[in-house]
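Encoded as structure tokens, the structure appears first; notes follow it.
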Amino acid sequence: MSRIGNAPILVPKNVKVKISDNIVTVIGPNGELTHTLSEGITVELKDNQINVFRINDERKYKSLHGLNRSLLNNMIQGVLQGYVKKLYVVGKGYKANVIQNWLVLQLGYSHDIMLEIPSGIKIETEKISRAQASSIQDLQAIIDVSGIDKELVGQIAAEIRATKPPEPYKGKGIRYSDEHVRRKAGKTASGTGAK
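Each residue of the sequence shown is one higher than the last, beginning at 2 in the numbering used here.
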């Protein structure tokens, strides 16, 4: 029995849900999202609640049951509030700027890294306050990735982080705001020189 799949999804008053065949469309104040249900999964809209059902109790359909329910719930949250991922750019001389439809990153390479911002995603760079700069050493910029599609926001944030993942010695690179970078001890001067 899928506890996640069996939980009903409440539909707020300012959100419209349309179901046609196996396609669910959710329309809200922030936009519109569409999801095609997996094979063997059906949905029912009744009394401002979405209920998700599966055809049988096979393991395959049990996992798809919970997955489709979570995806539909994420869509409703997305069109209502949206999703935001914060990334920290850490390292002296590192920069992040948005120029027209491109995110331009200067991360210590011989060239700038340019990432095109896809439609449905908004990327902004924040200025660093003194409190933020003192809490994280060498914090240079904060990148906010926002949108209504949780999957797309997470994917774009992961692509930005992949351009320069944080290294374990000085912690330089791009990290999530809630990510803890485990630091390693570097080489020490004692015991390394010739006798």
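Don't be surprised by glycine CBs; every beta carbon is placed ideally from N, CA and C. If you're wondering where the values come from, they're calculated on a predicted model, not measured in any experiment.
Legend entry - Closest by C-alpha distance to Leu34, when choosing among Asn23, Lys188 and Ile77: By one-based count along the sequence shown, residue 34 stands at place 33. For Leu34, the nearest C-alpha among the options comes from Ile77.
Inset, instruction - Assess, as a yes-or-no matter, whether the segment 69–88 is touched by the segment 23–34 under the definition of 3 or more beta carbon pairs within less than 8 angstroms. - result: yes
Legend entry - Three-state class that DSSP yields for Asn23 in the structure shown: Walking along the sequence shown from the start, residue 23 turns up at place 22. The answer is coil: DSSP assigns Asn23 none of H, G, I, E or B.
Legend entry - Through-space distance from Gly94 to Ser147, alpha-carbon basis: Counting from one through the sequence shown, the residue named residue 147 turns up at place 146. Counting from one through the sequence shown, the residue named residue 94 turns up at place 93. Approximately 25 angstroms, taken between the alpha carbons.
Legend entry - The alpha helix (DSSP H) enclosing Lys151, as first and last residue numbers: The sequence position of residue 151 within the sequence shown is 150, counting from 1. Here the alpha helix (DSSP H) through Lys151 covers Lys151 to Ala163.
Legend entry - Option nearest Asn74 by Cα separation, candidates Lys188, Tyr110 and Gln50: By one-based count along the sequence shown, residue 74 stands at place 73. Asn74 has its Cα closest to that of Gln50, out of Lys188, Tyr110 and Gln50.
Inset, instruction - Classify Gln138 as buried or exposed, calling it buried when 16 or more other Cβ atoms lie within 10 Å of its own Cβ. - result: What you label residue 138 is simply residue 137 of the sequence shown in a count that begins at 1. Gln138 should be labelled exposed.
Inset, instruction - Using beta-carbon positions only, say whether Val90 and Ile124 come within less than 8 angstroms of one another. - result: In the sequence shown, counting from the first residue as 1, residue 90 sits at position 89. In the sequence shown, counting from the first residue as 1, residue 124 sits at position 123. Their beta carbons are not under 8 angstroms apart, which means Val90 does not touch Ile124 by this criterion.
Inset, instruction - Could you tell me the distance, in whole angstroms, from the CA atom of Asn15 to the CA atom of Val44? - result: Locating residue 15 in the sequence shown gives position 14, counting from the first residue. Locating residue 44 in the sequence shown gives position 43, counting from the first residue. Using only the alpha carbons, I get a separation of about 20 angstroms.
Legend entry - Three-state secondary structure assigned by DSSP to His112: In the sequence shown, the residue the question calls residue 112 occupies position 111. Of the three classes helix, strand and coil, the one that applies to His112 here is coil, per DSSP.
Inset, instruction - Sort Thr26, Asp58 and Gly121 by Cα distance to Val12 and report the nearest one. - result: One-based indexing of the sequence shown puts residue 12 at position 11. It is Thr26.
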